[in-house]
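Taking my numbering, the leading residue of the sequence shown gets 3, the next gets one more, and so forth. For glycine and all other residues, C-beta sits at the position ideal for the given N, C-alpha and C.
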Amino acid sequence: MNYSLQRDQTGGSLPASSVSLQCLLDTVLKKLPASIQNNKVIIVNRIHPSFMIEADPVTLAPVVSELINTVGRNARNTIITVRAEKFRDTVMLVMEDPNNYNGYALSFSLMGLEEQARFIGGDISITGARQRVATVSLSFPGMCTMPFTAESWMLT
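Right, dumping it as structure tokens:
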């Protein structure tokens, strides 16, 4: 994945004008630890290819990676789906585990990520921690340049 970063006069990185959230997630998924696969966990990227966001991939990717790893480590024998939604100037990355193995452990593990989420101006939440289906969301600021709503496209 090429993010086409440019250098400014001081040597810092400037983000490209837009980033494919699907490509960013694909890059993260390629680096999943073997322990997640050993738990018989499959993570499916259901983000549309044209879901483009205006965000810095250098700061966003590590947070997304740690979140995916945390959710994956706390799952067993399941298929986790990842989708994205947009709300004005906020993007929400939503992971759903239909076979919630241990919601208490997942909730506790996610508490350690809250500081990373705040660093990018975001927030992490979990719903259904005590139920069969758990949904973990990462919301963060980022203008979405996707030409349609998330509901108008479904992956079959």
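{"Check": "Three-pair Cβ contact test at 8 Å for the region 98 to 112 versus the region 73 to 80", "Outcome": "yes"}
{"Check": "Straight-line gap, Phe121 to Leu23 (C-alpha atoms, nearest Å)", "Outcome": "19 Å"}
{"Check": "Nearest to Ala77 (by Cα), restricted to the options Gly105, Ala63, Phe89, Val65", "Outcome": "Gly105"}
{"Check": "Simplified DSSP state of Val135, which is helix, strand or coil", "Outcome": "coil"}
{"Check": "Buried versus exposed call for Asp116 [16 or more other C-beta atoms within 10 Å across all chains shown]", "Outcome": "The sequence as given places Glu at residue 116; Asp does not occur at that position. By the 10 Å Cβ count, Glu116 comes out exposed."}
{"Check": "Where Ser22 sits in the DSSP three-state scheme", "Outcome": "strand"}
{"Check": "Alpha-carbon to alpha-carbon, Pro59 and Asp10", "Outcome": "Legend: pLDDT at Asp10 = 36, less than 50; position of this residue unreliable, value from coordinates given subsequently. Roughly 16 Å separates the two Cα atoms."}
{"Check": "Backbone secondary structure at Phe121 - three-state DSSP", "Outcome": "helix"}
{"Check": "Pro35 at chain D interface by Cβ criterion, 8 Å", "Outcome": "Chain labels in this structure do not include chain D; a single protein chain is all it has."}
{"Check": "Distance between Leu26 and Asp125 (C-alpha atoms, nearest Å)", "Outcome": "19 Å"}
{"Check": "Whole-angstrom distance between Asp91 and Ile38, CA atom to CA atom", "Outcome": "32 Å"}
{"Check": "Exposure of Arg85, with buried meaning 16 or more beta-carbon neighbours within 10 Å", "Outcome": "buried"}
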